[in-house]
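Heads up: the structure comes next, in structure tokens.
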Amino acid sequence: MRVGVLTGGGDCPGLNAVIRAVVRKGEVAHGDQFVGFLDGWRGVIENRTLALDVERCRGILPRGGTILGTSRTNPYKVDGGVAKALDTLRSERIDALVAIGGEDTLGVASRMAAEGVAVVGVPKTIDNDLSVTEVTFGFHTAVQVAMEAIDRLHTTAESHDRVIVCEVMGRHAGWIATYAGIAGGAAEILVPEEPFDIDLVCRNLKNRHAKGRFASIVVVAEGAVPVEGTMTLASPEVDQFGHPRLGGIANVLAEEIEQRTGFETRVTILGHVQRGGTPTAFDRVLATRFGVAAIDAVHDEAFGQMVALQADRIVRVPLDEAVKELKTVDPALLHDVAEVFWG
Ligand code: F6P
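With the numbering used here, you'll find the sequence shown wraps up at 610, consecutive numbering, no jumps.
Here it is, written out as structure tokens:
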């Protein structure tokens, strides 16, 4: 078969491990030929490709990013985008397409499947907010990076008896904040799922500091929002999928905390450090399992499906089901576990 591969949306550690696994199993077990599309759906629209084979994939397992490049291009928002993409798939004689991405890339894949494209999805995102799969690769690496940063922030915060607000990624879901916050011993964790009450946050910090020299790390997801009317945030720009470009809530929060508590407060915004670099062992293994399962799905003609992890087994689920709703943080994890250590 001639199989196209693309990576779309924000990059994520483990993408190369998926590409390598798809190509390895496809070439060796099935004699497939591979066409890599550059920069996500943009490469399909513009017919920009990279030949992929086992040789080209050597050495990429530990590398972060994606050798195919990525973009947030949405063919349904580009003039004639879908028709051009379908033309490319025809002219490149693509029998099946493996789309590796998050809710947006897979949302497009789901619509393309309805247009008759033979597509299989692979879920990725450091945000871990895709439903139907228990976890996405990239998340574990991002949490590890954030936790290590929080560990480092602890020692400097303790030396100066300061509050440090550490902002992590997480647009609509606070998975990274919650996991890194619990693992790093955060004094407060603020997530998009539950608007935060700045009064309560400051009261908890004051309680904590009243007990002695206890520096505090406040972990905030970039998409966290205050209870309506309590703090003013700037309105961000939006991308082709309508998502806001976030980042910076930690600055507003730190100012508010310093003013209300009188504690010296500093800010660290981790940003893209969480998305870069080598994947953890867990993410390499998950990405490899997903890649092998995706090419198997292609040969079983399980089109319009996505591979997913459920109860530690790789299963197939319909793409449209996978992108229907986001997976948000279980309130029990926040309230029954994380909160035990606040205040
Ligand atoms: O891919 C998800 C994500 O990392 C979000 O957590 C974050 O809001 C967004 O991407 C940042 O996107 P960009 O790299 O386009 O600024």
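Just so it is clear, CB atoms sit at the ideal spot from N, CA and C, and this is done for glycine as well.
Remember, it's a predicted structure, so these values are computed and weren't measured experimentally.
With three or more CB-CB distances shorter than 8 Å, the region 429 to 441 counts as touching the region 504 to 521. Apart from the 5 residues on each side of it in sequence, Leu457 sits with its Cβ closer than 8 Å to the Cβ of Gly441, Ala444, Phe463, Val468, Val485, Val486, Val487, Ala488, Ala491 and Leu520 in its chain, given in chain order. Non-local beta-carbon contacts of Glu531 in its own chain, meaning distances under 6 Å to residues more than five positions away in sequence, involve Arg429 in chain order. According to DSSP, residue pairing for Ile484 in a beta bridge involves Ile431.
Distances from the alpha-carbon of Arg470 to those of Gly388, Thr555, Ser377 and Gly610 put Gly610 closest. Under the three-state reduction of DSSP output, Ala440 falls in the coil class, being neither helix nor strand.
The way I'd put it, the region 584 to 600 doesn't touch the region 409 to 429; fewer than three beta-carbon pairs between them come closer than 8 Å. Residue state for Val302 is assigned as strand, using DSSP reduced to three classes. Of the heavy atoms belonging to the ligand F6P, none sits nearer than 7 Å to the Cβ of Arg309. Inter-residue distance for Glu401 and Thr535 is about 29 Å (C-alpha atoms, whole angstroms). CA-to-CA, the gap between Phe570 and Val387 works out to about 5 Å. Secondary structure of Arg475 (DSSP, three-state): helix. In terms of side-chain proximity, the C-beta atom of Thr392 is found nearer than 7 Å to a non-hydrogen atom of the ligand F6P. Within 7 Å of the C-beta of Gly277 there is at least one heavy atom belonging to the ligand F6P. Per DSSP, the beta bridge partners of Met573 are Gly388 and Val584.
For the region 318 to 398, the full-length alpha helix (DSSP H) segments reaching 4 residues or more read 348 to 358 and 370 to 381 along the chain. In this structure, Ser398 places its C-beta atom within 8 Å of the C-beta atom of Ala589.
Per DSSP, Leu273 is one residue of the beta strand (DSSP E) stretching across Arg269 to Thr274. At least one heavy atom of the ligand F6P sits closer than 7 Å to the Cβ of Glu489. Leu593 sits in a strand when the DSSP states are folded into three classes. Using a cutoff of 7 Å, the CB of His539 counts as near the ligand F6P, since one of the ligand's heavy atoms is closer than that. Between the region 274 to 285 and the region 361 to 380 there are three or more inter-stretch CB-CB distances shorter than 8 Å, so the stretches are counted as touching. Boundaries of the beta strand (DSSP E) around Thr532: Thr532 to Ile536. By the C-beta criterion, the region 553 to 564 is judged to be in contact with the region 283 to 293, since at least 3 inter-stretch pairs fall below 8 Å. At a Cβ-Cβ threshold of 8 Å, Asp587 and Ser338 do not count as neighbours. Annotated as distal: Arg583 and Ala409, with beta-carbon spacing of 8 Å or more.
One alpha carbon belongs to Thr528, the other to Ala482, and they sit about 13 Å apart.
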